[in-house]
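The opening position of the sequence shown corresponds to residue -9 in our numbering, with each subsequent residue numbered one higher.
Where a beta carbon is used, it is the ideal one built from N, C-alpha and C, also for glycine.
Fair warning: this is a prediction, and the values are worked out from it, not measured in the lab.
See below for the structure under consideration.
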Amino acid sequence: MWTSTSERLAALDAEWRQPTARFRNFPLIARYYAAVQAEPAYHRLDQQTWTDLNGDELFTLLDGTVSRVGQQCLYHRLHSPLDDAQALREFDGAAGFFAAQPAERGQVQLALSRLNSTAAYYLADLLAGEPLPELPWAAAAPALVLLLLATVVGGFWMPVLWLLTAGQLLLHTMLHIWSRARVVAGVRPMLQLGSLYRAGRDLSRLGLPLAALSGLAAPLGRLGSLVNKVAFLQFEGQLQSDLAALPWLILEYIKIVLLLDFIVYHRCRRDVEQHADAIRAVFEAVGYADCAVAVAGFRARFSYCAPDFTTEETGLRLTAAYNPLVPGCVPNDLTVTEASVLLTGSNMSGKTTFMRAIGLNTLLAQTIATCPAAAYAAPFRRVVSSINLADNLPEGKSYYFAEAEAVLGFIRQAEAGGYLFILDELFKGTNTVERIAATQAVLAHLQARSLVVASTHDGELGALLAPAFTEYHFSETVTETDWYFDYRLKPGPLTTRNAIRLLARAGYPADIVQQALALSRTLDAAG
-9 MWTSTSERLA ALDAEWRQPT ARFRNFPLIA RYYAAVQAEP AYHRLDQQTW
41 TDLNGDELFT LLDGTVSRVG QQCLYHRLHS PLDDAQALRE FDGAAGFFAA
91 QPAERGQVQL ALSRLNSTAA YYLADLLAGE PLPELPWAAA APALVLLLLA
141 TVVGGFWMPV LWLLTAGQLL LHTMLHIWSR ARVVAGVRPM LQLGSLYRAG
191 RDLSRLGLPL AALSGLAAPL GRLGSLVNKV AFLQFEGQLQ SDLAALPWLI
241 LEYIKIVLLL DFIVYHRCRR DVEQHADAIR AVFEAVGYAD CAVAVAGFRA
291 RFSYCAPDFT TEETGLRLTA AYNPLVPGCV PNDLTVTEAS VLLTGSNMSG
341 KTTFMRAIGL NTLLAQTIAT CPAAAYAAPF RRVVSSINLA DNLPEGKSYY
391 FAEAEAVLGF IRQAEAGGYL FILDELFKGT NTVERIAATQ AVLAHLQARS
441 LVVASTHDGE LGALLAPAFT EYHFSETVTE TDWYFDYRLK PGPLTTRNAI
491 RLLARAGYPA DIVQQALALS RTLDAAG
């Protein structure tokens, strides 16, 4: 159905202001990140930390992108924190520009909408640094075609040559069928090069004050020449999509006779490899603009601040920090200088949500220059966490051994310095005495090299780790009839214990509650 430009702009603006729920194919969205994640970088978020910080939900919350390329670039950006203050300031400026200029934002969204086909996800295959599938017979195809034409013409003088013509046609048909799957796999990303070129060209013509778009002229020129060469492939795709049966059938016969699949694909494959850097430059510029538009939309829906990447402080300063994934999340302040943080409190009191808020603020500060807080000041840090570590049962490992291996990885990483470790109740899989001893040794080792935010139910750790760790706690209020949490971070260790009283509020039999309370007092007296 045809829609006017004004209607399309209105729909894009409505989606930008409040993105609707939509299916997200994460394996395809992650295709660009998977293609480039082995390249050198300041940091790549590991899968455990991505899971701990609810990365898929975070991406969904931020994903107000228009194009598939933008989705892939946003996913890559969230996995790849930077230590470049200038680059992050430029991205902050780009997001601010799109928030303040709705007319320009609309024109950008129209350009980006050229790349909303699912097939656009496969453009990332052209950036992987690996050549597209090769057809072994491609080099011989021109000679085979000339031989076929020679037998056809020669048959007018020597009809017996037409027998050779029939044999060659059979050979061409077999080669065409055999190569079909490989050609389709290689052609799929090529078919989107025209859309990528036109999207980049439209963005370049807008003359936006964005550094990421300022150098597009040269790569667009190279990509334009390549797009002209793959026009044949795009024409074929259009025929198939329109179900134009007769033209498509005629084209198939021509392709079989002249081995066009081999010849055209071979030339386009070579040209794509030669212009891979130009394709990537346009791809990333288009994705950058889409990411900035999406972040501007996030900022319109959530309170935020731009980060201050201070070099004068070694700790962390957060004001009114919250977790944007938790509706109505209570904001909290935190200021630490030389010491790290030890959190105590009962389950459901807010410890894990606050730890995630710290991790998300650090991650978003260094990826999209947008912190869910009123103020954020810290040096650059690599975020690593262990919050939802699961048993590695398929490999025959216990929870304790799986956790011990993960923590050993943290110890090795810490030698480089500059990390933020977020650790939730280390060594849960072993006895109390050894858990406290091992946790104290590990946290003291990590704290000497990086900032650590750790939670525990073992109150003894506070004294063992002082003064390297500053204690904070979350607490609840329990009455005879109810209990509630205020989710406020409080300084100092937790001085009350309500776990057994909560059992009573939950409906446990009185004799169990009384017996538990009596044994608790006995154990306290025994130290």
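Exercise. Smallest Cα separation from Asn378: which of Ile490, Leu(-1), Tyr462, Thr39?
Worked result: The sequence position of residue 378 within the sequence shown is 388, counting from 1. Per the Cα distances, Thr39.
Problem set entry | Option nearest Ala101 by Cα separation, candidates Thr55, Ala90, Arg372 | Residue mapping note: residue 101 aligns to position 111 of the sequence shown, counting from 1. Closest option to Ala101, Cα to Cα, is Thr55.
Problem set entry | Nonlocal neighbours in the same chain, by C-beta distance under 7 Å from Ala89, ignoring five residues either side | The count along the sequence shown starts at 1 and reaches residue 89 at position 99. Once the five neighbours on either side are set aside, the close Cβ partners of Ala89 are Ala286, Arg289, Ala290.
For this session: Could you tell me the boundaries of the beta strand (DSSP E) in which His33 lies?
Result: Your numbering for residue 33 matches position 43 in the sequence shown. Segment: none, His33 is in no beta strand (DSSP E) and carries neither H nor E.
For this session: Using beta-carbon positions only, say whether Ala110 and Arg58 come within less than 7 Å of one another.
Result: Translated into the one-based positions of the sequence shown, residue 110 becomes position 120. Translated into the one-based positions of the sequence shown, residue 58 becomes position 68. Cβ atoms of Ala110 and Arg58: closer than 7 Å.
Exercise. Pick from Ala392, Ser339, Glu328: whose alpha carbon is nearest that of Ala456?
Worked result: Looking up residue 456 in the sequence shown gives position 466. Cα-wise, what sits closest to Ala456 is Glu328.
For this session: State yes or no: is the C-beta of Val373 within less than 7 Å of the C-beta of Leu410?
Result: The residue given as residue 373 occupies position 383 in the sequence shown. The residue given as residue 410 occupies position 420 in the sequence shown. Contact flag set, yes.
Exercise. Touch check for the segment 360 to 369 and the segment 290 to 300: three-plus C-beta pairs under 8 Å?
Worked result: yes
Problem set entry | Beta-carbon gap between Ile244 and Ala131 smaller than 7 Å | Taking the first residue of the sequence shown as 1, we reach residue 244 at position 254. Taking the first residue of the sequence shown as 1, we reach residue 131 at position 141. Cβ distance not < 7 Å, so Ile244 and Ala131 don't count as in contact.
Exercise. Where does Asn15 land, buried or exposed, given buried means 16+ other C-beta within 10 angstroms?
Worked result: In the sequence shown, the residue the question calls residue 15 occupies position 25. Per the 10 Å Cβ criterion, exposed.
Exercise. Gln504 to Leu413, Cα distance in whole Å?
Worked result: The sequence position of residue 504 within the sequence shown is 514, counting from 1. The sequence position of residue 413 within the sequence shown is 423, counting from 1. Cα-Cα distance, rounded: 34 Å.
Exercise. Which residue or residues does DSSP assign as beta-bridge partners of Ile559?
Worked result: No answer is possible for residue 559: it lies beyond the span of the chain, which begins at -9 and ends at 517.
Exercise. Thinking just about the alpha-carbon of each residue, which of Gly452, Glu274, Gln403, Val276 is nearest to the one in Ser330?
Worked result: The residue given as residue 330 occupies position 340 in the sequence shown. Nearest of Gly452, Glu274, Gln403, Val276 to Ser330, Cα basis: Gly452.
Exercise. Can at least three beta-carbon pairs, one atom from the segment 74 to 89 and one from the segment 272 to 287, be found at a separation below 8 Å?
Worked result: yes
Exercise. Distance, Cα to Cα, Gly340 vs Gly349?
Worked result: As a first step, residue 340 is located in the sequence shown; it is residue number 350 there, counting from the start. As a first step, residue 349 is located in the sequence shown; it is residue number 359 there, counting from the start. So the alpha carbons of these two residues sit roughly 14 Å apart.
For this session: Taking all protein chains shown into account, decide if Phe292 is buried (16 or more other Cβ within 10 angstroms of its Cβ) or exposed.
Result: On the sequence shown, residue 292 is found 302 positions in, with the first residue counted as 1. Exposed, by the Cβ-count rule.
For this session: Could you spell out where the beta strand (DSSP E) holding Ala365 opens and where it closes?
Result: As a working mapping, residue 365 is identified with position 375 in the sequence shown. Element bounds for Ala365: 365 to 367.
Exercise. In whole angstroms, what separates the C-alpha of Ser465 from that of Leu454?
Worked result: Within the sequence shown, numbered from 1, the residue matching residue 465 stands at position 475. Within the sequence shown, numbered from 1, the residue matching residue 454 stands at position 464. Answer to the nearest angstrom: the Cα atoms are 22 Å apart.
For this session: Grab the span of the alpha helix (DSSP H) containing Phe16 for me, first residue to last.
Result: What you label residue 16 is simply residue 26 of the sequence shown in a count that begins at 1. Its alpha helix (DSSP H) spans residues 16 to 19.
Problem set entry | Per-residue burial, Pro362 [other beta carbons within 10 Å of its own, 16 or more giving buried] | The sequence position of residue 362 within the sequence shown is 372, counting from 1. Buried, because 16 or more other Cβ atoms sit within 10 Å of the Cβ of Pro362.
For this session: Out of Lys418, Leu250, Gly205, point me to the one whose CA is closest to Arg270's CA.
Result: The count along the sequence shown starts at 1 and reaches residue 270 at position 280. Nearest C-alpha to Arg270: Gly205.
For this session: Identify whether Glu461 lies in helix, strand or coil by the three-state DSSP scheme.
Result: The residue labelled residue 461 in the question sits at position 471 within the sequence shown. In the structure shown, Glu461 sits in a strand (DSSP, three-state: E or B).
For this session: Flag Ser376 as yes if its beta-carbon sits less than 7 Å from any beta-carbon of chain C, otherwise no.
Result: Absence of chain C from the displayed structure is noted, only one protein chain being present.
Problem set entry | Cβ contact (3+ pairs, closer than 8 Å) linking the segment 271 to 279 and the segment 175 to 187 | yes
Exercise. Would you report the Cα separation of Ile401 and Ser440, rounded to the nearest angstrom?
Worked result: Walking along the sequence shown from the start, residue 401 turns up at place 411. Walking along the sequence shown from the start, residue 440 turns up at place 450. Roughly 10 Å between the two C-alpha positions.
For this session: Can you give me the Cβ contacts of Thr41 inside the same chain, cut-off strictly under 8 Å, excluding the 5 residues immediately before and after it?
Result: Taking the sequence shown and counting its residues from 1, one reaches residue 41 at position 51. The answer, listed in chain order, is Asn378.
For this session: Quick one: using the 10 Å Cβ neighbour count with 16 as the cut-off for buried, is Ala268 buried or exposed?
Result: The count along the sequence shown starts at 1 and reaches residue 268 at position 278. Looking at its Cβ environment, which holds 16 or more other Cβ atoms inside 10 Å, Ala268 is buried.
Exercise. Using CA coordinates, which residue listed in Leu479, Trp473, Tyr474, Thr467 is at the minimum distance from Glu461?
Worked result: Along the sequence shown, one-based indexing puts residue 461 at 471. Comparing Cα positions, the closest option is Leu479.
For this session: Take Asp115 as the anchor and find which of Arg307, Tyr477, Glu263 has the nearest alpha-carbon.
Result: To locate residue 115, count along the sequence shown from 1; it is residue 125. Comparing Cα positions, the closest option is Glu263.
For this session: Look at Gln97 and Leu18 and say whether their C-beta atoms are less than 7 Å apart.
Result: The residue given as residue 97 occupies position 107 in the sequence shown. The residue given as residue 18 occupies position 28 in the sequence shown. It is not a contact, given that the beta carbons lie outside the stated cut-off.
Problem set entry | Spatially closest choice to Ala279 from Glu29, Leu48, Ala310, Gly60, by CA coordinates | One-based indexing of the sequence shown puts residue 279 at position 289. Of the candidates Glu29, Leu48, Ala310, Gly60, the one whose C-alpha sits nearest the C-alpha of Ala279 is Gly60.
For this session: Grab the span of the alpha helix (DSSP H) containing Arg58 for me, first residue to last.
Result: Within the sequence shown, the letter at position 68 stands for residue 58. Per DSSP, Arg58 belongs to the alpha helix (DSSP H) from 58 to 69.
Problem set entry | Residue(s) in a DSSP beta bridge with Arg307 | Within the sequence shown, the letter at position 317 stands for residue 307. Arg307 pairs with Thr325, Ala367.
For this session: Work out the CA separation of Glu5 and Pro314 for me, nearest whole Å.
Result: Here residue 314 refers to the residue found at position 324 when the sequence shown is read from its first residue. Here residue 5 refers to the residue found at position 15 when the sequence shown is read from its first residue. Roughly 19 Å separates the two Cα atoms.
Exercise. Arg191 and Leu210 look like a contact to me (Cβ under 8 Å); what is the Cβ gap, rounded to whole Å?
Worked result: Your numbering for residue 191 matches position 201 in the sequence shown. Your numbering for residue 210 matches position 220 in the sequence shown. At roughly 6 Å, the Cβ-Cβ gap stays under 8 Å, so Arg191 and Leu210 are in contact.
Exercise. Do Thr357 and Leu68 come within 7 Å of each other at the CB atom, strictly closer than that value?
Worked result: Position 78 of the sequence shown, counted from the start, is the residue given in the question as residue 68. Position 367 of the sequence shown, counted from the start, is the residue given in the question as residue 357. Cβ atoms of Leu68 and Thr357: closer than 7 Å.
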